[in-house]
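Have a look at the structure below before the remarks.
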Amino acid sequence: MKLGNIIIAQKKRIELGKGHIEQYTIFECKQLGGVWIYNWKTIDQNRFHTHAFNSVAFTLRGSYVQEVITDDGIEKQEVRKLFRPRHLPRNYTHRILEARPNTWTCVFFGRWSKHWYEYFDDTKTWVQYTWNRKKVAKFVDVPYKWICDRIKKEL
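Numbering (the working numbering), first residue to last: 7 to 161.
Printed below as a string of structure tokens:
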């Protein structure tokens with residue numbers, strides 16, 4: 007259900023490469039924050055992404071393998087500890103490689119900023135988005151630190 011810019015109790019399918027995510031919105035207001043529950047059916051996301059918000063995520067069931075971009079390069083991690091809070095700042099840049107069957111997570115997120123980014127490793131391209139996934143800009147061959155600095159300036 008949508009009430010102006012507030013979404014309550016909505017299900018949405020999100021395509022991200024091979025596989026998809028089923029997103030259950032409990033509450034979402036971009037000016038305030040909200041709560042989502044995800045059922046992961048991801049096999050291989052074709053891009054890294056940041057978020058438009060700071061968040062805390064909990065794995066409720068299952069596990070998944072992800073790659074995370076850090077100052078030192080790309081790290082592969084398995085996320086499998088259940089009910090343990092994980093802080094995901096806006097500049098946290100990751101992609102899910104594979105989720106085990108029946109993996110569920112809960113995400114509490116804060117107020118949305120104006121932009122977030124996706125990184126396409128094959129073309130070394132960062133794409134900047136604004137609300138409703140509208141593309142704003144592209145940046146080719148810029149380092150991760152440059153994107154992080156840009157995100158900090160947008161706060």
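Every residue gets a Cβ at the ideal spot worked out from N, C-alpha and C, and that includes glycine.
Just so you know, these numbers come straight off a predicted model, no measurement behind them.
When you compare each of the options to residue i by their alpha carbons, which one comes out closest?
i: Lys47; options: Lys151, Leu22, Leu66, Ile14; result: Leu22
i: Glu124; options: Ala15, Val113, Tyr150, Arg117; result: Tyr150
i: Pro95; options: Ser119, Gln16, Trp152; result: Ser119
i: His100; options: Arg92, Asp78, Glu73; result: Glu73
i: Ile102; options: Asn108, Lys82, Arg92, Lys17; result: Lys82
i: Tyr135; options: Arg86, Phe59, Arg106; result: Phe59
i: Leu66; options: Ile20, Arg19, Arg106; result: Arg106
i: Asn97; options: Trp152, Lys144, Asn52; result: Trp152
Which whole-angstrom value describes the C-beta separation of residue i and residue j, a residue pair presumed to lie in contact below a C-beta threshold of 8 angstroms?
i: Val142; j: His121; result: 6 angstroms
At the level of alpha carbons, what is the spacing between residue i and residue j?
i: Ile12; j: Gln37; result: 9 angstroms
i: Ile14; j: Cys112; result: 15 angstroms
i: Ile27; j: Lys159; result: 31 angstroms
i: Val71; j: Met7; result: 32 angstroms
i: Ile43; j: Ile32; result: 7 angstroms
i: Phe64; j: Thr129; result: 32 angstroms
i: Trp132; j: Ile80; result: 15 angstroms
i: Asn138; j: Glu34; result: 13 angstroms
i: Thr56; j: Cys154; result: 10 angstroms
i: Gly68; j: Arg92; result: 15 angstroms
i: Arg156; j: Lys24; result: 30 angstroms
i: Asn45; j: Asn108; result: 7 angstroms
i: Gln29; j: Arg19; result: 6 angstroms
Look at the Cβ atom of residue i, then the Cβ atom of residue j, and state whether they are nearer than 8 angstroms.
i: Phe54; j: Ile75; result: yes
i: Phe114; j: Ser61; result: yes
i: Ile49; j: Glu104; result: yes
i: Gly116; j: Gly39; result: yes
Are any of the Cβ atoms in chain B nearer than 8 angstroms to that of residue i?
i: Lys159; result: Within the model displayed, chain B is absent; a lone protein chain is all it includes.
Cβ-heavy atom distance between residue i and the ligand NAD below 7 angstroms?
i: Lys8; result: In terms of ligand content, the structure shown is empty, and the ligand NAD therefore cannot be addressed.
Can you list, in chain order, the stretches of the beta strand (DSSP E) that have 3 or more residues and sit fully within the region 40-103?
-> 61-67, 70-76, 79-85, 92-94
Quick one: complete alpha helix (DSSP H) runs, 4+ long, within the region 102-137?
-> none
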